[in-house]
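Chains A and B supply the protein sequences, listed in that same order. Taking numbering that gives the first Met the number 0, I'd label the letters of the first sequence as residues 0 to 197. Taking numbering that gives the first Met the number 0, I'd label the letters of the second sequence as residues 0 to 407. For every residue, glycine included, the Cβ atom is placed at its ideal position computed from N, Cα and C.
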Amino acid sequence: MGAGMSDRLTMQSIARLVPPGSRVLDLGCGDGAMLDYLQRERGCSGYGIEIADANVLACVKRGVNVIQLNLDEGLSMFDDASFDVVLQIDTLQHLRNAETMLLETARVGRTGIVAFPNFAHWPNRLSIARGRMPVTKRLPYQWYDTPNIRVGTYKDFEVLATKNRLSILDSYGLQEGREVRFLPNTRAGTAVFKFERG
Amino acid sequence: MSFAEPLALQSGASIRGYSLAYETYGTLNADKSNAVLICHALNASHHVAGVYAGQQNSEGWWDTMIGPGKPVDTDRFFVIGVNNLGSCFGSTGPMHPNPDTGKVYGADFPVVTVEDWVNAQARLLDGLGIQTLAAVMGGSLGGMQALSWTLQYPERVRHAVVVASAPNLTAENIAFNEVARRAIVTDPDFHGGHFYEQGVIPKRGLRIARMIGHITYLSDDVMNEKFGRELRPRILRAGSSGDGPPRDAKAPSGGSAVHDVTSVGAYLYTTQDIEFQIESYLRYQGDKFSEYFDANTYLLITRALDYFDPARHHDGILAKALAGATAKFLLVSFTTDWRFAPRRSREIVKALLDNRRDVSYAEIDAPHGHDAFLLEDARYLGVVRSYFDRIAAEAPSPSGSGPGWGPA
Numbered sequence: 000m001g002a003g004m005s006d007r008l009t010m011q012s013i014a015r016l017v018p019p020g021s022r023v024l025d026l027g028c029g030d031g032a033m034l035d036y037l038q039r040e041r042g043c044s045g046y047g048i049e050i051a052d053a054n055v056l057a058c059v060k061r062g063v064n065v066i067q068l069n070l071d072e073g074l075s076m077f078d079d080a081s082f083d084v085v086l087q088i089d090t091l092q093h094l095r096n097a098e099t100m101l102l103e104t105a106r107v108g109r110t111g112i113v114a115f116p117n118f119a120h121w122p123n124r125l126s127i128a129r130g131r132m133p134v135t136k137r138l139p140y141q142w143y144d145t146p147n148i149r150v151g152t153y154k155d156f157e158v159l160a161t162k163n164r165l166s167i168l169d170s171y172g173l174q175e176g177r178e179v180r181f182l183p184n185t186r187a188g189t190a191v192f193k194f195e196r197g
Numbered sequence: 000m001s002f003a004e005p006l007a008l009q010s011g012a013s014i015r016g017y018s019l020a021y022e023t024y025g026t027l028n029a030d031k032s033n034a035v036l037i038c039h040a041l042n043a044s045h046h047v048a049g050v051y052a053g054q055q056n057s058e059g060w061w062d063t064m065i066g067p068g069k070p071v072d073t074d075r076f077f078v079i080g081v082n083n084l085g086s087c088f089g090s091t092g093p094m095h096p097n098p099d100t101g102k103v104y105g106a107d108f109p110v111v112t113v114e115d116w117v118n119a120q121a122r123l124l125d126g127l128g129i130q131t132l133a134a135v136m137g138g139s140l141g142g143m144q145a146l147s148w149t150l151q152y153p154e155r156v157r158h159a160v161v162v163a164s165a166p167n168l169t170a171e172n173i174a175f176n177e178v179a180r181r182a183i184v185t186d187p188d189f190h191g192g193h194f195y196e197q198g199v200i201p202k203r204g205l206r207i208a209r210m211i212g213h214i215t216y217l218s219d220d221v222m223n224e225k226f227g228r229e230l231r232p233r234i235l236r237a238g239s240s241g242d243g244p245p246r247d248a249k250a251p252s253g254g255s256a257v258h259d260v261t262s263v264g265a266y267l268y269t270t271q272d273i274e275f276q277i278e279s280y281l282r283y284q285g286d287k288f289s290e291y292f293d294a295n296t297y298l299l300i301t302r303a304l305d306y307f308d309p310a311r312h313h314d315g316i317l318a319k320a321l322a323g324a325t326a327k328f329l330l331v332s333f334t335t336d337w338r339f340a341p342r343r344s345r346e347i348v349k350a351l352l353d354n355r356r357d358v359s360y361a362e363i364d365a366p367h368g369h370d371a372f373l374l375e376d377a378r379y380l381g382v383v384r385s386y387f388d389r390i391a392a393e394a395p396s397p398s399g400s401g402p403g404w405g406p407a
C-alpha cells in the first residue's frame, strides 16, 4: 500500500513474525502479496480482507483467498480466536474505528501484528518544527487529501495497547527495510507491534 | 439424454423415463478434467451461450459470461448447460406425458427440489463420462444448485462459483413466490394445473407472476433511472393496454375543454390504461413471458427455491451443513440486489470460513439489483475470468488437450 511497505525487506521482516503454518487473516490485504508470500514461503493459509475492487481482483489473480468487506463494519463474520495471526499492515491508519478494529484484531486472532507509519519519525518531527505537515516517501500525501486519518506514533500505540490490556510480544521500528530496535520512535518510519490479549 | 431408470426424489416419489436437454461448448480434454457445469435459474435453459445459426436474438442466457475468450472460456473449458427436470425448454416437464399413465403430467408432475436436480445432473455427467467437474457455476437458483453440488457430490467438484445466491430463501422471498403462484393458480384458465387438455393457457396468472418477479429483480434506483415517472409516449397510447387503435393525442378523458398541456405531458386520467412507462414495461415483460413459459413449471421452480435449505437437517446451522464440502469457492453478490442480498452470500462465506475452506468473495457495487448477475460489469466479469484462469492453471496438465490450455 504505502510506498515504503512495498519494500520486500519490510514484508519479509513482518513475515518472520508469523509462525510457519499459521492460519492468517490479513486485514486490508492489498494485492495479496503478503499472503501469497506467507503461503509460499512459510506454509501459511488464510484469507485477505479488502474493500477495493482492483485489489480483490489482484488477489483472485494470485490465487489468494480474498473476502470483499468494509472493515469499518467490523469483523462480525469471524469468531473469537479463529485465526493464529491477524495482520493489519498499513491498514490501521485508514480506519475510522481504529481502536475497535484493534480490539477486533486481538479478539479474532490469537496474536495480532500491526504495522503503520510512525508519525514521530524524526523527518516528520522536523517538518512539524518547521510548521508544516510532513510529506515524505512514507507519508506521501498532503494534509488535505491523505487517507491516513489516524496518524499516530510508535509511543502512542504502546499507550493504546496498554489501555486496551493488550500484551506486546514484540515491537520494533522498520526503516528502509531494516529493523530498528534502538530509539524506534525517532529512528523508524514504520512501527511494528506483535501482541495478544492480556 | 434419456434416462429409463427411475430417479428417486426428495419427496419420496420417483420419476422414470425422463430426458434432459443439454448443450455443450468447447472440447472435453483427454483426462476429462476441464468440464464446467452451468446451472440455470428460474426461467432459463440449457442454452447458456452462443447463438443458433440463422436465429435472431438466440444468444444464450449467459452469453456475456461464457464463450470463446469470455470469462468462462470455452476455448479452455468444456462447458455443459442442462435444462432442469420440470422445466419447459426441452427436458421432461409437466407438459409431457407421464409414462405410467400415458397422460400429460400437468399438476401431477412430481415436486422436484434443488437436490433432485443435482442428482439428475450427476446422471447426465455419468452419461457424458465425466467424473469430476473443474467447476460448477450458477446464479440465483443456479447458485443454490452449485452449492448443493458441493454437498451432495463433494468428490466430484473442484470449484464452485456461486453468484447472487443464498443459503435459503427468507420469508419475504417465499412471499413473493407465493404471490406469483397464487396469480397462476387462481387464473380460471389454470384448471387445477390440467389446462393442456382444455386447450388454454393461464396467461393472466403468468403475466402477473412475471411482473412481480421483474419488480424484485431490479433495484429502486435502476427502475427510477430507466423509467422514473415517465409517461408512455402519447403516440403509442391506446384505448386499452396498447391493443386498440391510438386515441386522439389531444383528448383527455372527460371534461369539455381541451387544454394545451403538452409541456409536461398530460395524464390520461385513466385507472386501467397504461399511463406510466414502468407499467408498459411490466406488461410487455409479462406478455412475452406468458407466451413461452409453462405455468406448472413456474410453480415447480419457485417451490424448489422455497424448499432449498441445506442447513435444515443440521439444526439450522449452515456451517454444519457445509462441513462436507471440499470444493474451493468463489462467491459474488451485488450491493443493490435485495432479492438475494449480499448478507445472504456472506452467510455462505462465513459457513465456509468456519470450515476453513478456500473461499473468495466479491461484493460488486452494481446498480442493477438481482439482474446484475446476467449483465456486463467489468469488475464482475473480471473476477470470474481471473478465477477461471486460476482453475485452468491448476488443472492437472492434460496430454493432447485442445489449444489454449495451460498456465494462465
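In the DSSP assignment, find the alpha helix (DSSP H) that holds A14/A and state where it starts and stops.
The residue given as residue 14/A occupies position 15 in the first sequence. From DSSP, the alpha helix (DSSP H) with A14/A extends over R7 to A14.
Which runs of the beta strand (DSSP E), 3 residues or longer, sit entirely within the region 135-209 of chain B?
158-162
Is it buried or exposed for S344/B, if we count other Cβ within 10 angstroms and need 16 for buried?
The residue given as residue 344/B occupies position 345 in the second sequence. Answer is buried; the Cβ neighbour count reaches 16.
Rounded C-beta distance between I48/A and L26/A? I'm assuming under 8 Å.
Residue mapping note: residue 48/A aligns to position 49 of the first sequence, counting from 1. Residue mapping note: residue 26/A aligns to position 27 of the first sequence, counting from 1. The Cβ separation is near 5 Å, so the contact holds.
Thinking just about the alpha-carbon of each residue, which of P70/B, Y195/B and S147/B is nearest to the one in V103/B?
Locating residue 103/B in the second sequence gives position 104, where the first residue counts as 1. For the residues P70/B, Y195/B and S147/B, the minimum Cα distance to V103/B belongs to Y195/B.
Taking CB distances under 8 Å as the criterion, tell me whether V85/A reaches chain B.
Within the first sequence, the letter at position 86 stands for residue 85/A. Not closer than 8 Å to any Cβ of chain B, the Cβ of V85/A fails to qualify, so no.
From the DSSP output, which residues share a beta bridge with F194/A?
On the first sequence, position 195 is the one that residue 194/A refers to. According to DSSP, which records beta bridges pairwise, F194/A is partnered with G111/A and I167/A.
For D305/B, which residues from the same chain have a beta carbon less than 7 Å from its beta carbon, with the 5 sequence-adjacent residues on both sides left out?
Here residue 305/B corresponds to residue number 306 of the second sequence, with the count starting at 1. So the list reads L168, I173 and N176, once near-sequence residues are dropped.
Would you list the residues sitting across from A34/B in a DSSP beta bridge?
Working through the second sequence from its first residue, we reach residue 34/B at position 35. Residue pairing of A34/B in beta bridges, as defined by DSSP: F77/B.
Quick one: grab the DSSP three-state call for T23/B.
Residue mapping note: residue 23/B aligns to position 24 of the second sequence, counting from 1. In the displayed model, T23/B falls within a strand according to three-state DSSP.
Check the Cβ of K60/A against every Cβ in chain B and list those closer than 8 Å, keeping chain order.
Here residue 60/A is taken as the residue at index 61 of the first sequence, counted from 1. The contacting residues are S385, D388 and R389.
Counting contacts by CB-CB distance shorter than 8 Å, is V348/B in contact with chain A?
One-based indexing of the second sequence puts residue 348/B at position 349. Yes, V348/B lies at the interface with chain A (some Cβ there is under 8 Å from its Cβ).
Is it right to say F181/A is buried, meaning 16 or more other beta carbons lie within 10 angstroms of its own, or is it exposed?
As a working mapping, residue 181/A is identified with position 182 in the first sequence. Classification of F181/A: exposed, given that the 10 Å Cβ count is below 16.
Go to I66/A, then tell me how far its alpha helix (DSSP H) extends in each direction, as first and last residue.
Position 67 of the first sequence holds residue 66/A. First-last for I66/A: V65 to Q67, but that is the beta strand (DSSP E), not the alpha helix (DSSP H).
Run through the region 349-388 of chain B for me and flag every whole beta strand (DSSP E) of 3 or more residues, listed as ranges in chain order.
358-363
Give a yes or no on whether the C-beta atoms belonging to V110/B and L299/B are separated by under 8 Å.
Against the second sequence, residue 110/B aligns to sequence position 111. Against the second sequence, residue 299/B aligns to sequence position 300. With respect to L299/B, V110/B sits close: the two C-beta atoms are nearer than 8 Å.
Are the C-beta atoms of R107/A and some chain B residue less than 8 Å apart?
As a position in the first sequence, residue 107/A is number 108, starting the count at 1. One point to set straight first is that residue 107/A is Val, not Arg, in the sequence displayed. So no, V107/A is outside the interface.
Just to confirm before moving on: does the CB-CB distance between V23/A and L74/A stay below 8 Å?
The residue you call residue 23/A lines up with position 24 of the first sequence. The residue you call residue 74/A lines up with position 75 of the first sequence. No, these two residues do not count as a Cβ contact at 8 Å.
Kindly identify the DSSP beta-bridge partner or partners of S18/B.
Locating residue 18/B in the second sequence gives position 19, counting from the first residue. S18/B is bridged to S1/B.
Starting from I48/A, trace the beta strand (DSSP E) both ways and give me its first and last residue.
Taking the first residue of the first sequence as position 1, residue 48/A is located at position 49. S44 to E49 is the extent of the beta strand (DSSP E) around I48/A.
Which residues, in chain order, does the region 44-55 of chain A contribute to contact with chain B at a C-beta distance below 8 Å?
S44, Y46, D52 and V55
Below 8 Å on the Cβ atoms is my guess for L84/B versus A119/B; work out the distance and round it to an integer in Å.
Numbered from 1 along the second sequence, position 85 holds the residue referred to as residue 84/B. Numbered from 1 along the second sequence, position 120 holds the residue referred to as residue 119/B. Contact flag correct, Cβ pair sits at about 5 Å.
Cβ closer than 7 Å: which chain A residues qualify as neighbours of A361/B?
The residue labelled residue 361/B in the question sits at position 362 within the second sequence. Per Cβ cutoff of 7 Å: V55 and Q67.
If you run the structure through DSSP and keep just helix, strand and coil, what is F82/A?
What you label residue 82/A is simply residue 83 of the first sequence in a count that begins at 1. It is a strand residue.
Under 8 Å between beta-carbons, which chain B residues line up against N64/A? List them in chain order, please.
Numbered from 1 along the first sequence, position 65 holds the residue referred to as residue 64/A. Chain B residues near N64/A: D357, V358 and S359.
Let me confirm a value: D169/A is counted as buried when at least 16 other C-beta atoms fall within 10 Å, else exposed. Which label applies?
Locating residue 169/A in the first sequence gives position 170, where the first residue counts as 1. Exposed, because fewer than 16 other Cβ atoms sit within 10 Å of the Cβ of D169/A.
In whole angstroms, give me the CA-to-CA distance for W116/B and R155/B.
Stepping through the second sequence from its first residue, residue 116/B is reached at position 117. Stepping through the second sequence from its first residue, residue 155/B is reached at position 156. C-alpha separation (whole angstroms): 15 Å.
Using the rule of at least 16 other Cβ atoms within 10 Å of the residue's Cβ for burial, across every protein chain shown, is E103/A buried or exposed?
As a working note, residue 103/A is residue 104 in the first sequence. It counts as buried.
Check G212/B in the structure and name its three-state DSSP category.
Here residue 212/B refers to the residue found at position 213 of the second sequence. Helix, per DSSP.
For M76/A, return the contacting residues in chain B, with the cut-off set at a CB-CB distance below 8 Å.
Counted from its first residue, the first sequence places residue 76/A at position 77. Residues of chain B passing the Cβ test: R345, V348, K349 and L352.
Note down, in chain order, all residues in the region 367-382 of chain B with a beta-carbon under 8 Å from any beta-carbon belonging to chain A.
R378, G381 and V382
How far does the alpha helix (DSSP H) with L26/A in it extend, from its first residue to its last?
Position 27 of the first sequence holds residue 26/A. Element bounds for L26/A: not the alpha helix (DSSP H) but the beta strand (DSSP E), R22 to L26.
What are the start and end residues of the beta strand (DSSP E) that includes E178/A?
By 1-based counting over the first sequence, the position of residue 178/A is 179. Note, E178/A: beta strand (DSSP E), R177 to V179.
Let's see if you can read the secondary structure: which residues bound the beta strand (DSSP E) around K327/B?
Translated into positions along the second sequence, residue 327/B becomes position 328. Counting along the chain, the beta strand (DSSP E) containing K327/B begins and ends at K327 to F333.
How should E375/B be labelled, buried or exposed, when 16 other C-beta atoms within 10 angstroms of its C-beta is the threshold for buried?
As a position in the second sequence, residue 375/B is number 376, starting the count at 1. Exposed, since its Cβ has fewer than 16 Cβ neighbours within 10 Å.
Under 8 Å, do N184/A and K162/A count as touching if we go by C-beta distance?
If you number the first sequence from 1, residue 184/A lands on position 185. If you number the first sequence from 1, residue 162/A lands on position 163. No, the pair does not count as a contact, with Cβ atoms beyond the cut-off.
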